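**Q** Counting in our numbering, the sequence shown runs from 7 upward without gaps. Positions of the beta carbon are idealized from the N, C-alpha and C atoms, including for glycine. Just so you know, these numbers come straight off a predicted model, no measurement behind them. Structure below; questions to follow.
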Amino acid sequence: MPLTEIDIQGYRSLRNIQLPLQQLNVITGPNGSGKSNLYRSLWLIARICEGQFAASICREGGLLSAMWAGPRTNAKKGLRMTLGFRHDDFHFQISCGFPTPSNSLFVYDPQIKEELVWFGPHQKPTTTLLERSVGMTWIRDTEGNRVEYPLTLDANESVLSQLREPHRYPELFSIREAVRSWRFYHTFRTDDEAPLRFPQVSVRTCVLSHDGSDLAAALQTIRETGGGAAFNDILTAAFPGRSLQIVSSVEEPWTKSPHCTELSVGLTTEGCARPLLARELSDGTLKFLCLAACLSSPCPPPLIALNEPEASLHPDLLPPLAKLIVETSKVTQVCVCTHSTVLTEAIQSLSGVEPIRLQLRQGETVVDQSFRGL
Ligand SMILES: Nc1ncnc2c1ncn2[C@@H]1O[C@H](COP(=O)(O)OP(=O)(O)OP(=O)(O)O)[C@@H](O)[C@H]1O
Ligand SMILES: [Mg+2]
Numbered sequence: 007m008p009l010t011e012i013d014i015q016g017y018r019s020l021r022n023i024q025l026p027l028q029q030l031n032v033i034t035g036p037n038g039s040g041k042s043n044l045y046r047s048l049w050l051i052a053r054i055c056e057g058q059f060a061a062s063i064c065r066e067g068g069l070l071s072a073m074w075a076g077p078r079t080n081a082k083k084g085l086r087m088t089l090g091f092r093h094d095d096f097h098f099q100i101s102c103g104f105p106t107p108s109n110s111l112f113v114y115d116p117q118i119k120e121e122l123v124w125f126g127p128h129q130k131p132t133t134t135l136l137e138r139s140v141g142m143t144w145i146r147d148t149e150g151n152r153v154e155y156p157l158t159l160d161a162n163e164s165v166l167s168q169l170r171e172p173h174r175y176p177e178l179f180s181i182r183e184a185v186r187s188w189r190f191y192h193t194f195r196t197d198d199e200a201p202l203r204f205p206q207v208s209v210r211t212c213v214l215s216h217d218g219s220d221l222a223a224a225l226q227t228i229r230e231t232g233g234g235a236a237f238n239d240i241l242t243a244a245f246p247g248r249s250l251q252i253v254s255s256v257e258e259p260w261t262k263s264p265h266c267t268e269l270s271v272g273l274t275t276e277g278c279a280r281p282l283l284a285r286e287l288s289d290g291t292l293k294f295l296c297l298a299a300c301l302s303s304p305c306p307p308p309l310i311a312l313n314e315p316e317a318s319l320h321p322d323l324l325p326p327l328a329k330l331i332v333e334t335s336k337v338t339q340v341c342v343c344t345h346s347t348v349l350t351e352a353i354q355s356l357s358g359v360e361p362i363r364l365q366l367r368q369g370e371t372v373v374d375q376s377f378r379g380l
């Protein structure tokens, strides 16, 4: 289990939260308690490692909106937002704030004020692998030497995302690559124009994309890598009388293109003479297929995070979804943010995993400790 803790300060309602994580994490709580903020903070950590931090913050309304709107506790340091996590035995922490006032139109871009990576429980000079402050960055190389990082760094992005020379900094690269492959699933587009309702390029797809647009290819990959029978069991539990059929343009000669094959999701359905294609399936059915596809990946990413997977699903689909989540957590780390009691209880009864319950107190997200140990 690589991700063992997240540690966030000053991000939206997460004024100051340290959360130990397990192999399977169910984060629950009432509307507005901070579940999505927690999910988004994980997503931001992944964007940091991809070099997309500043753009992501700006897209969610800018730094002013993303920062904790409550009173400041550390007036000396100014407004800061800190995102951190523990990955194996390494702790990563990045703090950002506003840039120095200037005539620039990019006055709300987040500027990295501090960045640290250290090994073991405590940060001290001997355990620090990377240390950055404004205008100064040094890194420990494979010989254990503390070297000043020679390349120019983008002030809005993490050092981790800008590193070159993996052979010199293997630990930092391995953290970066692992975090970059985390997968996040919040909304799957199922409207009439959604890409997953149309034939898709036929290419082996081991991990479903964030928006589910390559659903047909991901499902066919599951079938061709030995997961077809298990997948049909999931489907039968969710939709009795239906089974999966991926339709290829090779089988539909009227759509056949000389250059590439296309795939469509189909479900054979009791009472229907032909498979019903994705453009004919209901929103909830497609959503469940997307969830089942991302959770049945033949080469699962190191972390799968789901936000509100229950949205638009009938309550009868939640027990099979819970089973799928618990089974997937045996092979990879899973974080589920949900306000569904049915889903939370079904996961708990199958896995014994106690949910992390959040609540909003004075505008701040806190873990409700009164449930702990019950
Ligand atoms: N910059 C900010 N500072 C402080 N609080 C904020 C900030 N931005 C948003 N919030 C608050 O964060 C709270 C938690 O929002 P979040 O979307 O995480 O809730 P949730 O638990 O996912 O709720 P739901 O179940 O409705 O999806 C909201 O009450 C919102 O008002
Ligand atoms: Mg939410």
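#1: Measure the beta-carbon distance from alanine 311 to leucine 48 and round it to whole angstroms, keeping in mind my assumption that it falls under 8 Å.
#2: Mind checking which residues open and close the beta strand (DSSP E) that includes glutamine 24?
#3: How is leucine 380 classed by DSSP in three states: helix, strand or coil?
#4: What would DSSP say about leucine 250, mapped onto helix, strand or coil?
#5: Kindly list the residues whose CB is nearer than 8 Å to the CB of proline 176, restricted to its own chain and excluding five residues on each side of it in sequence; keep chain order.
#6: Taking the DSSP output, what are the residues bridged to isoleucine 63?
#7: Near proline 26, which residues of its chain fall below 8 Å by C-beta distance, leaving aside the five closest residues on each side in sequence?
#8: Between the C-alpha atoms of leucine 250 and asparagine 37, what's the straight-line distance to the nearest angstrom?
#9: Any chance the region 160 to 180 sits against the region 192 to 203, with 3 or more Cβ pairs inside 8 Å?
#10: Tell me whether the region 135 to 148 and the region 158 to 177 touch, counting them as touching only if at least three CB pairs, one residue from each stretch, are closer than 8 Å.
#11: What do you get for histidine 128, buried or exposed, if any count of 16 or more other CB atoms within 10 angstroms of its CB means buried?
#12: The beta strand (DSSP E) that contains asparagine 313, what's its start and end?
#13: Any idea which residues DSSP pairs glutamate 121 with across the strands?
#14: Any heavy atom of ligand 2 closer than 7 Å to the CB of lysine 41?
#15: At a threshold of 7 Å, does glycine 68 count as lining ligand 1 (C-beta to nearest heavy atom)?
#16: To which residues of the same chain is serine 62 closer than 7 Å at the C-beta, ignoring the five residues directly before and after it?
#17: Going by DSSP, what residue range makes up the alpha helix (DSSP H) through asparagine 43?
#18: Does DSSP put threonine 338 in a helix, a strand or coil?
#19: Consider the C-beta atom of histidine 192 and the heavy atoms of ligand 4; say whether any pair is separated by less than 7 Å.
#20: Does ligand 1 have a heavy atom nearer than 7 Å to the CB of arginine 18?
#21: Flag glycine 218 as yes when its Cβ comes closer than 7 Å to any non-hydrogen atom of ligand 1, and as no otherwise.
#22: Write down every uninterrupted run of the alpha helix (DSSP H) in the region 136 to 224 whose length is 4 residues or greater and which is fully enclosed by it, in chain order.
#23: Taking only the alpha-carbon atoms, compute the straight-line gap between leucine 301 and proline 361 and give it to the nearest angstrom.
#24: Are the CB atoms of leucine 225 and alanine 284 nearer to each other than 8 Å?
#25: For leucine 435, count neighbouring C-beta atoms within 10 Å of its own C-beta (all shown protein chains included) and say buried if the count is 16 or more, exposed if not.
#26: Is leucine 297 helix, strand or coil by DSSP?
#27: In whole angstroms, give me the CA-to-CA distance for tyrosine 191 and aspartate 217.
#28: Considering just the uninterrupted stretch of the beta strand (DSSP E) at glutamate 11, what are its terminal residues?
#29: Could you say if the region 106 to 123 and the region 12 to 26 meet the contact criterion of at least three C-beta pairs nearer than 8 Å?
#30: According to the neighbour-count rule (16 or more other Cβ atoms, all chains shown, within 10 Å of its Cβ), is histidine 320 buried or exposed?
**A** Straight from the coordinates:
#1: 5 Å
#2: 20 to 26
#3: Unreliable placement is indicated for leucine 380, whose pLDDT of 40 sits below 50; the coordinate value is still reported in the next sentence. Note: leucine 380 maps to coil in three-state DSSP.
#4: strand
#5: Thr148
#6: Bridge partners of isoleucine 63: none, in fact.
#7: Thr10 and Glu11
#8: 35 Å
#9: In short, these stretches do not touch, since the Cβ pair count stays below three.
#10: yes
#11: exposed
#12: Segment 309 to 313, the beta strand (DSSP E) holding asparagine 313.
#13: Ile100 and Arg138
#14: yes
#15: no
#16: Leu50 and Arg53
#17: 41 to 56
#18: If DSSP states are grouped into helix, strand and coil, threonine 338 belongs with coil.
#19: Annotation note on ligand 4: not contained in the displayed structure, which lists ligand 1 and ligand 2 as its ligands.
#20: Result yes, Cβ under 7 Å from ligand 1.
#21: Not a single heavy atom of ligand 1 lies less than 7 Å from the C-beta of glycine 218.
#22: Entirely contained in the region 136 to 224, the alpha helix (DSSP H) runs reaching 4 residues are, in chain order, 165 to 168 and 176 to 186.
#23: 19 Å
#24: no
#25: Residue 435 falls outside the range modelled here, since the chain spans only 7 to 380, and no answer is possible.
#26: helix
#27: 7 Å
#28: Under the DSSP assignment, glutamate 11 falls in the beta strand (DSSP E) whose first and last residues are 9 to 17.
#29: These segments do not touch.
#30: Exposed, because fewer than 16 other Cβ atoms sit within 10 Å of the Cβ of histidine 320.
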